[in-house]
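> Just passing along the structure, written as structure tokens.
2 protein chains.
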Amino acid sequence: MNENIKVMIVDDHDMVRKGLTAYLSTESEIEIVGEASSGNEAVRVFETLKPEVILMDLIMEDGDGIDATKQILSKDPSKKIIILTSFYDDEQVFPALESGAMSYLLKTASSEEIIRAIQKAHYGKTVIDGKVAQKLVAGLHKHPEPFDRLTVREKEVLKLIAEGKNNSEIATTLFIGIKTVKTHVSSILSKLEVADRTQAAIYAYQNHLFNE
Amino acid sequence: MNENIKVMIVDDHDMVRKGLTAYLSTESEIEIVGEASSGNEAVRVFETLKPEVILMDLIMEDGDGIDATKQILSKDPSKKIIILTSFYDDEQVFPALESGAMSYLLKTASSEEIIRAIQKAHYGKTVIDGKVAQKLVAGLHKHPEPFDRLTVREKEVLKLIAEGKNNSEIATTLFIGIKTVKTHVSSILSKLEVADRTQAAIYAYQNHLFNE
DNA sequence: AAATAGCTCCGACTTGAGGCGGAGCTAAAA
DNA sequence: TTTTAGCTCCGCCTCAAGTCGGAGCTATTT
Numbered sequence: 001m002n003e004n005i006k007v008m009i010v011d012d013h014d015m016v017r018k019g020l021t022a023y024l025s026t027e028s029e030i031e032i033v034g035e036a037s038s039g040n041e042a043v044r045v046f047e048t049l050k051p052e053v054i055l056m057d058l059i060m061e062d063g064d065g066i067d068a069t070k071q072i073l074s075k076d077p078s079k080k081i082i083i084l085t086s087f088y089d090d091e092q093v094f095p096a097l098e099s100g101a102m103s104y105l106l107k108t109a110s111s112e113e114i115i116r117a118i119q120k121a122h123y124g125k126t127v128i129d130g131k132v133a134q135k136l137v138a139g140l141h142k143h144p145e146p147f148d149r150l151t152v153r154e155k156e157v158l159k160l161i162a163e164g165k166n167n168s169e170i171a172t173t174l175f176i177g178i179k180t181v182k183t184h185v186s187s188i189l190s191k192l193e194v195a196d197r198t199q200a201a202i203y204a205y206q207n208h209l210f211n212e
Numbered sequence: 001m002n003e004n005i006k007v008m009i010v011d012d013h014d015m016v017r018k019g020l021t022a023y024l025s026t027e028s029e030i031e032i033v034g035e036a037s038s039g040n041e042a043v044r045v046f047e048t049l050k051p052e053v054i055l056m057d058l059i060m061e062d063g064d065g066i067d068a069t070k071q072i073l074s075k076d077p078s079k080k081i082i083i084l085t086s087f088y089d090d091e092q093v094f095p096a097l098e099s100g101a102m103s104y105l106l107k108t109a110s111s112e113e114i115i116r117a118i119q120k121a122h123y124g125k126t127v128i129d130g131k132v133a134q135k136l137v138a139g140l141h142k143h144p145e146p147f148d149r150l151t152v153r154e155k156e157v158l159k160l161i162a163e164g165k166n167n168s169e170i171a172t173t174l175f176i177g178i179k180t181v182k183t184h185v186s187s188i189l190s191k192l193e194v195a196d197r198t199q200a201a202i203y204a205y206q207n208h209l210f211n212e
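In order, the protein sequence lines correspond to chains A and B. Under this note's numbering, think of the first position of the first sequence as 1, with each following residue one higher. Under this note's numbering, think of the first position of the second sequence as 1, with each following residue one higher.
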């Protein structure tokens with residue numbers, strides 16, 4: 001494989017694209033065929049630019065990187081997409097890799113690391129940043145979420161508890177009786193292994209169950 | 001003022017520093033005298049590099065930008081520090097400007113915007129990104145934090161409520177009587193204008209009162 | 001000296017929260 | 001067909017939660 005590797009950069013920070021270009025221009029094997037400043041723009045232009053490898057940021061104003069990755073791969077599964085982002089939350093890493101991305105790097109990476117990741121991606125090999133990998137295995141070791149043991153109805157009730165509603169308000173919201181609400185609440189408390197509705201609400205917030 | 005403006009770049013992303021350097025090298029008036037990859041490093045080296053303007057990222061592994069800004073300005077208040085970050089949360093903007101930073105830009109800014117901000121900073125003029133400014137005025141319009149009306153003791157009690165403790169647990173934790181706890185709780189509820197301890201705990205989480 | 005604010009505590013009272021046990025209904029699984 | 005799981009509802013019970021009004025103490029302010 002002596003040809004150039006065609007690379008496309010997707011990032012909403014102009015200076016990051018500039019910096020990456022400076023990084024990669026030192027490597028004769030790599031050719032930057034284009035840039036995009038948002039996920040949606042990337043989806044629009046990648047078929048024209050025909051890159052083999054795509055460096056993709058995650059958080060962007062107009063169409064995030066995960067969405068863009070899914071859409072691009074659904075149109076052309078042969079594309080190798082490398083996530084290149086600033087963060088390594090569980091919330092970010094899992095969906096990103098599920099979306100079909102080949103590698104996951106952090107923006108603190110050196111130019112050598114990025115170049116190597118591009119080369120490996122070209123051959124179909126995955127590169128995961130060390131810190132991200134740690135989070136990944138930590139995430140797998142995590143307790144089999146007691147939240148998932150809740151029924152649909154119980155999750156609805158928990159959501160309303162986390163909004164600060166009392167039992168009668170929940171009852172009128174869900175068009176059911178107060179007694180039924182109490183049944184659900186009791187079930188929720190025992191499944192989450194908490195003592196009262198306040199601790200249930202706290203549980204919901206600490207586990208970011210209902211956004212924020 | 002025909003001399004060069006001496007600029008220092010503080011960012012933990014190598015590629016961002018590269019990109020910024022590429023940005024600013026087009027402008028003959030600006031001279032980059034050094035870089036730092038963390039807040040603590042910036043504090044250590046700025047006296048040697050003698051920059052006039054410092055471009056400062058906020059979130060960094062080893063010493064965040066707000067801390068670094070405070071420390072640098074306490075040693076030399078004449079430095080002009082421009083915050084250059086990806087986000088514009090209320091939680092970020094206020095402490096950043098309180099720390100004494102002169103300007104607040106987003107990383108989506110163009111090279112012209114950054115160059116202009118550096119020039120203005122040099123003359124002591126502030127530049128705030130439009131989106132950030134919006135958040136700012138929205139923040140000022142916000143209710144004059146009812147949380148601040150709580151007494152020290154009440155804040156302690158609220159913290160324990162947000163940890164899921166009941167009244168008797170709070171009593172033993174603070175070495176006071178249950179009746180006293182109830183008094184504090186009632187006072188907290190009326191000051192925060194919420195109905196019960198669950199809503200108080202939710203209030204604490206939504207306003208990020210006790211980290212996370 | 002007097003007023004104010006904060007922390008402490010008390011008794012009495014009302015009510016919502018939650019546990020326990022039981023039950024009917026429906027839909028899916030064994 | 002029988003069993004199981006989920007949603008619904010009931011009564012009874014206990015107790016924590018929260019309100020109201022009152023009070024003593026200290027430190028600061030006026």
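Virtual Cβ for every residue (Gly too), placed ideally from N, Cα, C. Since the structure is predicted, the reported quantities are computational estimates derived from the model, not experimental observations.
Got a sec? Which residues, its chain only, sit under 7 angstroms from residue 4 of chain B by beta carbon, not counting five neighbours each side?
For the purposes of this step, residue 4 of chain B is identified with residue 4 of the second sequence, where counting begins at 1. Once the five neighbours on either side are set aside, the close Cβ partners of residue 4 of chain B are 29, 30, 31.
> In this structure, does DSSP put residue 15 of chain A in helix, strand or coil?
By 1-based counting over the first sequence, the position of residue 15 of chain A is 15. Looking at residue 15 of chain A - three-state DSSP - the assignment turns out to be helix.
> Within 10 angstroms of its Cβ, does residue 77 of chain A collect 16 or more other Cβ (buried), or is it exposed?
Within the first sequence, the letter at position 77 stands for residue 77 of chain A. Residue 77 of chain A comes out exposed.
> What are the start and end residues of the alpha helix (DSSP H) that includes residue 152 of chain A?
Indexing the first sequence from 1 puts residue 152 of chain A at position 152. Unbroken alpha helix (DSSP H) run through residue 152 of chain A: 152–162.
> Does the stretch 194–203 of chain B come into contact with the stretch 187–202 of chain A, if we say contact requires no fewer than three beta-carbon pairs (one atom in each stretch) closer than 8 angstroms?
yes
> By DSSP, does residue 1 of chain A sit in helix, in strand, or in coil?
Reading the first sequence from its first residue, position 1 is the one you call residue 1 of chain A. Confidence in residue 1 of chain A is poor, its pLDDT being 46 and thus under 50, which makes the residue's placement unreliable; the coordinate value appears in the next sentence. Here residue 1 of chain A sits in coil by DSSP.
> Count the C-beta pairs between the stretch 80–87 of chain B and the stretch 32–42 of chain B that are closer than 8 angstroms, then say yes if the count reaches three, no if not.
no
> According to DSSP, is residue 21 of chain B part of a helix, a strand, or is it coil?
Sequence index remark: in the second sequence, residue 21 of chain B carries index 21 (1-based). If DSSP states are grouped into helix, strand and coil, residue 21 of chain B belongs with the helices.
> Can the beta-carbon of residue 23 of chain A be found less than 9 angstroms from the beta-carbon of residue 60 of chain B?
The residue labelled residue 23 of chain A in the question sits at position 23 within the first sequence. The residue labelled residue 60 of chain B in the question sits at position 60 within the second sequence. No; because the gap between Cβ atoms is not below 9 angstroms, this pair is not in contact.
> Taking 9 angstroms as the threshold (C-beta atoms), are residue 106 of chain A and residue 88 of chain A in contact?
Along the first sequence, one-based indexing puts residue 88 of chain A at 88. Along the first sequence, one-based indexing puts residue 106 of chain A at 106. Yes, they are a contact pair.
> Check the Cβ-Cβ distances between residue 67 of chain A and every residue of chain B, and say whether any is below 9 angstroms.
Counting from one through the first sequence, the residue named residue 67 of chain A turns up at place 67. Output row for residue 67 of chain A: interface = no.
> Is there a C-beta anywhere in chain B that falls below 9 angstroms from the one on residue 126 of chain A?
Here residue 126 of chain A refers to the residue found at position 126 when the first sequence is read from its first residue. Taking Cβ atoms only, chain B never reaches closer than 9 angstroms to residue 126 of chain A, which makes this a no.
> When the Cβ atoms of the stretch 182–194 of chain A are set against those of the stretch 145–159 of chain A, are three or more pairs found closer than 8 angstroms?
yes
> Does the Cβ of residue 1 of chain A have 16 or more other Cβ atoms within 10 Å, making it buried, or fewer, making it exposed?
Here residue 1 of chain A corresponds to residue number 1 of the first sequence, with the count starting at 1. Its pLDDT being 46, under 50, residue 1 of chain A is placed unreliably by the model, and the measurement read from it follows with that caveat. The residue in question, residue 1 of chain A, is exposed, as its Cβ has fewer than 16 Cβ neighbours within 10 Å.
> Leaving aside the five residues before and after residue 103 of chain B along the sequence, list all residues of the same chain whose C-beta is less than 6 angstroms from its C-beta, in chain order.
In the second sequence, residue 103 of chain B corresponds to position 103, counting from 1. Result list for residue 103 of chain B: 82, 117, 121, 126, 127, in chain order.
> Can you pull the chain A neighbours of residue 201 of chain B, defined as C-beta to C-beta under 7 angstroms?
Numbered from its first residue, the second sequence carries residue 201 of chain B at position 201. Under the 7 angstroms cutoff, chain A gives 198, 201, 202.
> With a cut-off of 9 angstroms, does the C-beta of residue 195 of chain B fall near any C-beta of chain A?
Position 195 of the second sequence, counted from the first residue, corresponds to residue 195 of chain B. Yes - at least one Cβ of chain A is within 9 angstroms of the one on residue 195 of chain B.
> Should residue 48 of chain B be flagged as near chain A, meaning a C-beta pair shorter than 9 angstroms?
Counted from its first residue, the second sequence places residue 48 of chain B at position 48. The beta-carbon of residue 48 of chain B is placed no less than 9 angstroms from the nearest beta-carbon of chain A.
> Starting from the beta carbon of residue 15 of chain B, find every residue of chain A whose beta carbon is closer than 7 angstroms, and list them in chain order.
Position 15 of the second sequence, counted from the start, is the residue given in the question as residue 15 of chain B. Under the 7 angstroms cutoff, chain A gives 16, 19, 20, 23, 107.
> Counting contacts by CB-CB distance shorter than 9 angstroms, is residue 187 of chain A in contact with chain B?
Position 187 of the first sequence, counting from 1, holds the residue named residue 187 of chain A. Taking Cβ atoms only, chain B never reaches closer than 9 angstroms to residue 187 of chain A, which makes this a no.
> With 16 as the cutoff for other CB atoms within 10 Å, does residue 46 of chain A come out buried or exposed?
Within the first sequence, residue 46 of chain A is the residue found at index 46, counting from 1. Result: buried.
> Can you pull out the residues from the stretch 29–46 of chain A whose beta carbon lies closer than 7 angstroms to at least one beta carbon of chain B?
none
> According to DSSP, residue 36 of chain A sits in a beta bridge with which residue or residues?
By one-based count along the first sequence, residue 36 of chain A stands at place 36. Paired residues: A:10.
> Note down the Cα distance separating residue 164 of chain B from residue 161 of chain A, rounded to an integer number of angstroms.
If you number the second sequence from 1, residue 164 of chain B lands on position 164. If you number the first sequence from 1, residue 161 of chain A lands on position 161. If I take the Cα positions, the gap works out to 14 angstroms.
> Enumerate, from N- to C-terminal direction, the unbroken alpha helix (DSSP H) stretches of 4 or more residues contained entirely within the stretch 93–135 of chain B.
If we require 4 residues or more, the alpha helix (DSSP H) runs fully inside the stretch 93–135 of chain B come out as 111–122.
> By DSSP, does residue 189 of chain A sit in helix, in strand, or in coil?
Stepping through the first sequence from its first residue, residue 189 of chain A is reached at position 189. Correct three-state label for residue 189 of chain A: helix.
> Here's the rule I'm using: 16 or more other beta-carbon atoms within 10 Å means buried, otherwise exposed. How should residue 206 of chain B be labelled?
Working through the second sequence from its first residue, we reach residue 206 of chain B at position 206. Flag for residue 206 of chain B reads exposed.
> So residue 55 of chain A is in the beta strand (DSSP E); what residue range does that whole segment cover?
As a first step, residue 55 of chain A is located in the first sequence; it is residue number 55 there, counting from the start. Its beta strand (DSSP E) spans residues 53–56.
> Going by C-alpha distance, which of B:123, B:136, B:210 is nearest residue 52 of chain B?
Within the second sequence, the letter at position 52 stands for residue 52 of chain B. Of the listed residues, the one whose Cα sits closest to residue 52 of chain B is B:123.
> Quick check on this structure: which residue in A:39, A:210, A:37, A:55 has the alpha carbon closest to the alpha carbon of residue 119 of chain A?
Locating residue 119 of chain A in the first sequence gives position 119, counting from the first residue. Comparing Cα positions, the closest option is A:55.
> Using only alpha-carbon positions, find the residue among A:209, A:130, A:93 that is nearest to residue 150 of chain A.
The residue you call residue 150 of chain A lines up with position 150 of the first sequence. The option with the nearest alpha carbon to residue 150 of chain A is A:209.
> Quick one: is residue 86 of chain B buried, meaning 16 or more other Cβ sit within 10 Å of its Cβ, or exposed?
Translated into the one-based positions of the second sequence, residue 86 of chain B becomes position 86. Burial is judged here by how many other beta carbons sit within 10 angstroms of a residue's own beta carbon; residue 86 of chain B has at least 16 and is buried.
> List the residues of chain A that residue 219 of chain B touches, going by C-beta distances under 8 angstroms, in chain order.
In the structure as shown, chain B begins at 1 and stops at 212. Residue 219 of chain B is therefore absent and cannot be evaluated.
> Please check if any C-beta of chain A sits within less than 9 angstroms of the C-beta of residue 209 of chain B.
Taking the second sequence and counting its residues from 1, the one referred to as residue 209 of chain B is at position 209. No - not a single Cβ of chain A is within 9 angstroms of the one on residue 209 of chain B.
> Between residue 1 of chain B and chain A, is there a C-beta pair that is closer than 9 angstroms?
What you label residue 1 of chain B is simply residue 1 of the second sequence in a count that begins at 1. Because residue 1 of chain B sits at a pLDDT of 46, beneath the cut-off of 50, its placement in the model cannot be relied upon, and the following sentence gives the value as read from the coordinates. Not closer than 9 angstroms to any Cβ of chain A, the Cβ of residue 1 of chain B fails to qualify, so no.
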